[in-house]
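In the numbering used here, the protein residues as written are 12 to 227. Where a beta carbon is used, it is the ideal one built from N, C-alpha and C, also for glycine. So the structure is just underneath, and the comments pick up after that.
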Ligand code: GTB
């Protein structure tokens, strides 16, 4: 049975692949699992039928038989646990890959999201510049630590894993900020991940949704 995921009918990121259906699509491509996509409008996301799948009225969701999941990180973990290609077989290596998944969403992502909030929603506040500087300092602290750990390695811990997938997706949210320019090894890490066939396929598929919606 093909899983069904939900994605924005019209993504506000204009096809940049920053919405959170992207990591789910990417994970499914990595493991070679075909899937269907149900597009939802902002209005439909808040209606009872969608809230039955997602208590917070958001995308993405994941349905497979009688299983329904929400939270992109949890969905990627589920895909990695059920299929080969995203998590190592070795128990300890698998636990470390899962640790990197949590590190991506729990440790690296929060200041990056705070920066987006500051940029999009707090621009008109008197304290905006000061706040942005503080948040960007927090981001740089995290990136310094992450860059030091990655060093010259290809991936965070051995082979590419779901930990790299989520970390790259988080780092991509800094695109356009200029911050990544100071981290050549992280920039190369992101580019390496983006050159994976599974990434390219997932990106093209979500872009096609935006292109079709724009065409009317
Ligand atoms: N923690 C949840 C997860 O990882 O699944 C967060 C889910 C979430 O934030 N979903 C967003 C959503 O449905 C879309 S991805 N928002 C609608 C709502 O809350 O009403 C977040 C997102 C949105 C837009 C951009 N963008 O334009 O660049 C990037 C990311």
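Outcome for residue 175 when other beta-carbon atoms lying within 10 angstroms are tallied against a minimum of 16: If you draw a 10 Å sphere on the C-beta of residue 175, you find 16 or more other C-beta atoms in it, and that means buried.
Using the beta-carbon count (16 or more within 10 Å), is residue 19 buried or exposed? By the 16-neighbour rule on beta-carbons within 10 angstroms, residue 19 is buried.
Complete alpha helix (DSSP H) runs within the region 50-114 (minimum length 4 residues, chain order): 53-56, 59-62, 83-93 and 102-114, all fully within the region 50-114.
What are the residues that DSSP puts in a beta bridge with residue 222? Partner(s): none; residue 222 has no beta bridge.
Closer than 7 Å to a non-hydrogen atom of the ligand GTB - does that hold for the CB of residue 24? Correct: residue 24 has its Cβ closer than 7 Å to the ligand GTB.
Taking only three categories from DSSP, how would you classify residue 179? In the structure shown, residue 179 sits in a helix (DSSP, three-state: H, G or I).
Hey, quick one: how far does the beta strand (DSSP E) through residue 199 stretch, first residue to last? Counting along the chain, residue 199 falls outside any beta strand (DSSP E), though it belongs to the alpha helix (DSSP H) covering 195-205.
Indicate the three-state DSSP secondary structure (helix, strand or coil) for residue 214 in the structure shown. In the three-state scheme derived from DSSP, where H, G and I count as helix and E and B as strand, residue 214 is classed as helix.
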